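Q: Just passing along the structure, written as C-alpha cells.
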Amino acid sequence: MSEISIELIRSLAKNYHIFDLKAALALKVKEISQTDLDEMEILENVIEETNKRIEEAERNYDLNRAADLKYGLCEKYNKQLEKIKLKIIDTVNNLFPNFPSED
C-alpha cells in the first residue's frame with residue numbers, strides 16, 4: 002500500500018469530486034488487488050537479487066552463468082513484473098477513465 006502515494010489519492014479525489022480522502026482510498030484499495038501489489042514487490046526483490054548474482058558471476062568471470070541469469074531468469078522476471086504493472090495500470094485506468102496519463 003505504501004506504493005500508492007497520498008498525493009495521488011488527493012489528486013484523484015479532487016479531480017473526481019470525491020471530497021472524502023478515506024472514500025477515495027477505500028475505492029483504490031477495493032480495485033487494486035493486494036495480491037498483485039504483493040507479487041509486484043516480491044518480483045522486484047527477486048530481480049534485485051538476480052542482478053546481484055549476475056554481478057557476482059561477472060566478477061568471477063563466469064560469463065556463461067551471468068548470461069544465463071541475465072537473459073533467462075532476469076528477463077523472465079521482468080516480463081512477469083511488466084504484466085503485473087500493466088494489470089494494475091489497467092485497473093486504475095478503468096477506475097478513472099478520464100484521468101490524464103503521465104505520457
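The sequence shown begins at 2 in our numbering and counts up one residue at a time. For each residue, glycine too, the CB sits at the ideal point set by N, CA and C. Just so you know, these numbers come straight off a predicted model, no measurement behind them.
(1) Could you tell me whether the Cβ atoms of C75 and I55 are closer together than 8 angstroms?
(2) Using DSSP with H/G/I as helix, E/B as strand and the rest coil, what is I33?
(3) Exposed or buried, which one is T51 when buried takes at least 16 other CB atoms within 10 Å?
(4) Enumerate in chain order the residues of its own chain whose CB-to-CB distance from V47 is below 7 angstroms, with the five nearest sequence positions on each side excluded.
(5) What would DSSP say about D91, mapped onto helix, strand or coil?
A: Taking the definition as stated:
(1) yes
(2) coil
(3) buried
(4) Y78
(5) helix
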